Amino acid sequence: MPKRHFVTAKETPYTVSEAARVLNKSAQTVRRYIDTGRLPAQRTPGGQRIVGGQALERLRRQLVPDEAA
């Protein structure tokens with residue numbers, strides 16, 4: 030079971046479709062990242078998955094390493 034992650038009030042919350050746009054991936058791929066624990070998320074009371082901005086940025090950096098490094 031993936032580690033539970035709580036989006037803090039200081040973070041910008043992203044929906045799956047918004048996260049997909051940031052990562053330039055499909056929404057299904059983002060759901061897979063969440064389901065496998067690669068991208069931590071939580072669910073709203075309505076069942077929508079929400080990803081925190083910090084976790085999203087960490088994954089984005091892993092997927093697209095800084096060219097200067």
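For the record, in the sequence shown the residue sitting at position 62 is 91 according to the working numbering, with numbers rising by one throughout.
No residue lacks a Cβ here, since even glycine has one placed at the ideal position from N, Cα and C.
Note that the structure is predicted; figures quoted are calculated from it, not measured.
| said: So, for Arg60: in the same chain, excluding its five sequence neighbours on each side, which residues have a beta-carbon less than 8 Å away from its beta-carbon? | reply: Here the set comprises Val45, Arg78.
| Within this structure, are the beta carbons of Leu52 and Arg89 separated by less than 7 Å? | Yes, Cβ-Cβ distance for Leu52 and Arg89 is below 7 Å.
| message | Could you check whether Glu47 and Gln83 sit closer than 7 Å to each other, using their CB atoms as the reference points? | response | Their beta carbons are not under 7 Å apart, which means Gln83 does not touch Glu47 by this criterion.
| field | Gly81 - containing beta strand (DSSP E), residue span | value | 78-81
| Who are Pro42's beta bridge partners in DSSP? | Gly81
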